[in-house]
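The next block holds one structure in the form of structure tokens; read it before the comments.
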Amino acid sequence: MKNVVEDFDAIVIGSGHAGSEACLALSRLNKKTLLTTLNLDSIAFLACNPSIGGTAKGQLAGEVDALGGEMGVNADKSMLQLRLLNSGKGPAVQSLRAQVDKISYHNEMKHTLERQKNLDILQCEVAEILVENGAVVGVRTTLGEVYSCRAVVVATGVYLNSQIIIGDFTKKTGPNGYEPSTKLTQSLIDLGITVRRFKTGTPARVDGKSIDYSKFEIQPGDALNTSFSTLNKKVKNSLPCYLGYTSTAMHDLIRKNINRAPLYSGKIHGIGPRYCPSIEDKVMRFADKERHQLFLEPESALTDEVYVQGISSSMPSDVQREMYRLIPGFERVKIMRYAYAIEYDCIDALELKNNLESKKISGLFFAGQINGTSGYEEAAAQGIMAGINASRFIDNLPPVVLGRDQAYIGVLIDDLTTKEITEPYRMMTSRAEYRLVLRQDNCDIRLTQLGRDIGLVDDRRYRIFKRKLKQIARVQNELKAMKNPETLKPFFERKNESLPKSGLTLKEVIRRNNITIFDVCDEFNILKDVPKSVLEYVNTEIKYEGYIKQENEQIERNKQTENLILPDINYLEISGLRIEAQQKLQKFKPATLGQAKRIDGVSPSDISVLLVYLKLKGII
4 MKNVVEDFDA
14 IVIGSGHAGS
24 EACLALSRLN
34 KKTLLTTLNL
44 DSIAFLACNP
54 SIGGTAKGQL
64 AGEVDALGGE
74 MGVNADKSML
84 QLRLLNSGKG
94 PAVQSLRAQV
104 DKISYHNEMK
114 HTLERQKNLD
124 ILQCEVAEIL
134 VENGAVVGVR
144 TTLGEVYSCR
154 AVVVATGVYL
164 NSQIIIGDFT
174 KKTGPNGYEP
184 STKLTQSLID
194 LGITVRRFKT
204 GTPARVDGKS
214 IDYSKFEIQP
224 GDALNTSFST
234 LNKKVKNSLP
244 CYLGYTSTAM
254 HDLIRKNINR
264 APLYSGKIHG
274 IGPRYCPSIE
284 DKVMRFADKE
294 RHQLFLEPES
304 ALTDEVYVQG
314 ISSSMPSDVQ
324 REMYRLIPGF
334 ERVKIMRYAY
344 AIEYDCIDAL
354 ELKNNLESKK
364 ISGLFFAGQI
374 NGTSGYEEAA
384 AQGIMAGINA
394 SRFIDNLPPV
404 VLGRDQAYIG
414 VLIDDLTTKE
424 ITEPYRMMTS
434 RAEYRLVLRQ
444 DNCDIRLTQL
454 GRDIGLVDDR
464 RYRIFKRKLK
474 QIARVQNELK
484 AMKNPETLKP
494 FFERKNESLP
504 KSGLTLKEVI
514 RRNNITIFDV
524 CDEFNILKDV
534 PKSVLEYVNT
544 EIKYEGYIKQ
554 ENEQIERNKQ
564 TENLILPDIN
574 YLEISGLRIE
584 AQQKLQKFKP
594 ATLGQAKRID
604 GVSPSDISVL
614 LVYLKLKGII
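Residue numbers for the sequence shown follow this note's numbering, so the first one is 4 and each next one is one higher.
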């Protein structure tokens with residue numbers, strides 16, 4: 004190759020949440036890595052809401068942390084408020100969500116990347132991915148410079164041929180006015196990668212000084228004994244959020260001007276996320292609803308800008324000014340940044356292996372919104388896995404593929420690589436079959452040892468993990484102590500529990516509906532020096548022991564076929580398969596029988612036929 008400026012082991016294109024995790028994983032695994040970014044000021048930029056976590060997303064952030072990633076660490080550093088969502092429901096659906104300081108989050112991550120050994124950062128636009136004999140060999144920038152490598156991770160977010168839309172106004176730009184990437188899409192198409200068009204949106208940012216907060220309900224943070232990262236246990240709740248509602252007058256205005264909405268006039272062509280509709284879409288789809296919730300979220304402690312969650316829009320600016328002022332408390336509100344929709348190019352993730360490597364180009368990995376996902380947490384989760392697997396590709400090691408029973412990350416990547424995603428993919432607890440074992444409170448228990456084995460979990464994090472395991476073992480051992488009915492009588496009477504006829508272990512006592520591990524610790528003056536988070540974990544394990552056992556038994560039953568590796572099969576030659584199943588299996592080329600089961604259009608009877616074929620061929 005000509006004009007080679009420097010040789011690297013790996014190159015990461017894009018410095019958002021996927022790119023940041025990918026380049027950190029690669030460099031921390033001792034790979035000489037180059038991170039390219041269109042703008043250094045957009046590193047780990049929170050383009051939409053200033054928050055990390057949320058339902059199921061909190062688990063993703065926790066899993067990234069457990070594997071040795073940076074998102075949770077950075078969220079804790081820049082935290083403004085922390086809440087536990089669904090705290091009144093079961094632990095399977097509880098998730099952490101933090102308001103973070105948008106400015107601090109970017110600065111902290113940028114500083115982390117700048118200090119990282121084995122990592123170079125370059126502001127440039129990559130125009131072409133260079134491939135020889137079906138394998139990545141480097142990239143070429145718009146300046147004509149070439150950087151050689153053995154692996155590339157494409158993590159371009161929403162910047163590929165991106166344009167914003169506000170009413171009739173369109174502009175080719177990325178979020179926040181950052182420059183878009185205009186050359187790389189054609190390179191992907193030339194390499195045979197399928198490209199499609201998605202869209203997302205964001206609400207206006209308003210001047211906090213112009214809000215009448217007395218008309219909103221304050222939403223303070225929770226007093227929690229946890230955080231996203233096991234490296235940090237200090238929770239900071241320095242700024243509140245506020246809950247408010249739209250009005251019927253606002254809805255009437257939207258309906259009156261719906262012909263000017265790009266979503267309805269045909270101006271928008273990209274496919275948007277069904278689970279995060281614009282306010283004009285909400286009003287039209289839910290015509291009988293008199294009001295919709297909105298949340299006021301501080302962007303940073305260093306600015307008066309406030310993010311109006313729940314009111315994303317692409318209406319013309321004059322309509323936006325009027326409709327926002329029809330929200331109670333916004334009568335005199337001043338918009339600082341107009342809401343907009345953004346369209347961008349992404350790929351069909353069905354063209355990826357379950358290690359996020361292209362099926363067509365060796366050494367070419369993809370992570371983040373370019374794979375058709377939405378959300379910072381989904382991006383970071385893909386980023387760390389793409390970085391890990393790009394490193395292992397370079398070292399000729401087998402890939403790391405998380406199962407659906409191991410992590411939400413496993414659910415996410417499995418869904419992306421087996422299901423036809425027709426809109427931006429958002430992680431939800433309902434997507435996980437085994438969500439009781441994939442809880443927010445056990446991310447480290449599930450994944451930290453794996454992160455250590457991979458080489459990403461450092462000594463400090465590992466010491467904290469091993470100490471927690473010892474604390475859990477100690478608690479479980481002390482709860483084996485027996486208590487006779489006479490000793491338990493006053494305690495059970497206060498807790499309105501029926502007295503047993505024989506003695507109970509303390510663990511059996513905790514199984515009672517009205518008694519928790521904290522009640523037991525107080526009553527018998529034990530385990531006072533054990534962290535509350537450890538006690539909460541053990542309490543959940545005890546309270547839900549039967550259900551957890553059922554899920555684990557189901558996991559074991561499914562493992563026999565779930566992880567069965569499928570060779571390169573010509574499915575069109577298996578006569579017993581239905582035509583649709585033949586076509587789908589031939590197109591997707593599932594890596595395992597478990598993946599084959601989850602492909603839309605492949606029925607249980609098709610799997611039975613496939614099993615017979617595998618037995619006849621001596622594969623199983």
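Glycine included, each C-beta is placed from N, C-alpha and C at the ideal position.
Could you tell me which residues DSSP puts in a beta bridge with residue i?
| i | result |
| --- | --- |
| L125 | T39 |
| D348 | R200 |
| G56 | R100 |
| E220 | L246 |
| L297 | G247 |
| L163 | S184 |
| T376 | Y428 |
| L367 | V155 |
| E334 | E334 is not bridged to any residue. |
Taking the beta carbon of residue i as the centre, do at least 16 other beta carbons fall within 10 Å, making it buried, or is it exposed?
| i | result |
| --- | --- |
| F289 | exposed |
| D447 | buried |
| V7 | exposed |
| V624 | Outside the shown range of the chain, which is 4 to 623, sits residue 624, and nothing can be said about it. |
| V615 | exposed |
| T197 | exposed |
| M74 | buried |
| I622 | exposed |
| M112 | buried |
| S184 | buried |
| I568 | exposed |
| S281 | buried |
| G22 | buried |
| Y540 | buried |
Where does the unbroken alpha helix (DSSP H) through residue i begin, and where does it stop?
| i | result |
| --- | --- |
| T188 | L187 to D193 |
| E1 | No answer is possible for residue 1: it lies beyond the span of the chain, which begins at 4 and ends at 623. |
| Y310 | Element bounds for Y310: not the alpha helix (DSSP H) but the beta strand (DSSP E), E308 to S315. |
| M82 | Premise fails: M82 lies in the beta strand (DSSP E), M82 to L88, not in any alpha helix (DSSP H). |
| D525 | I520 to F527 |
| K590 | I582 to F591 |
| Y437 | First-last for Y437: undefined, no H or E at that position. |
| T421 | Y411 to T421 |
| I622 | Taken as a continuous stretch (DSSP letters only), I622 belongs to no alpha helix (DSSP H), as it is neither H nor E. |
| I577 | Unbroken run through I577: none, as it is neither H nor E. |
Any chance the CB of residue i is under 8 Å from a heavy atom of the ligand NAP?
| i | result |
| --- | --- |
| P593 | Ligands in the displayed structure: none, and consequently the ligand NAP is not present. |
CA-CA distance, residue i and residue j?
| i | j | result |
| --- | --- | --- |
| K356 | M318 | 39 Å |
| E436 | N358 | 21 Å |
| P170 | P265 | It is Gly, not Pro, that sits at residue 170 in the sequence shown. For G170 and P265, the distance between alpha carbons rounds to 6 Å. |
| T564 | T376 | 28 Å |
| T144 | G211 | 41 Å |
| V67 | E496 | 45 Å |
| V612 | M430 | 32 Å |
| R466 | T233 | 11 Å |
| K105 | E548 | 40 Å |
| P178 | K510 | 53 Å |
| G160 | L43 | 15 Å |
| I14 | G141 | 8 Å |
| A158 | N121 | 19 Å |
| S608 | K620 | 19 Å |
| E302 | R86 | 17 Å |
| L133 | G597 | 34 Å |
| T58 | I545 | 23 Å |
| V478 | I513 | 13 Å |
| K386 | A25 | Residue 386 is actually Gly in this sequence, not Lys. Roughly 5 Å between the two C-alpha positions. |
| S433 | N240 | 29 Å |
| M339 | L116 | 31 Å |
Check the C-beta distance from residue i over to residue j and give it rounded, since I have them as a contact under 8 Å.
| i | j | result |
| --- | --- | --- |
| Y310 | N52 | 6 Å |
| E128 | K186 | 7 Å |
| C244 | Q102 | 6 Å |
| N399 | E360 | That pair is no contact at about 13 Å. |
Tell me the residue span of the beta strand (DSSP E) that contains residue i.
| i | result |
| --- | --- |
| N327 | According to the sequence displayed, residue 327 carries Tyr and not Asn. Here Y327 belongs to no beta strand (DSSP E); instead the alpha helix (DSSP H) covers S320 to Y327. |
| G141 | A138 to T144 |
| K212 | Segment: none, K212 is in no beta strand (DSSP E) and carries neither H nor E. |
| R340 | I338 to R340 |
| F172 | F172 to K174 |
| I14 | A13 to I16 |
| D10 | V7 to D10 |
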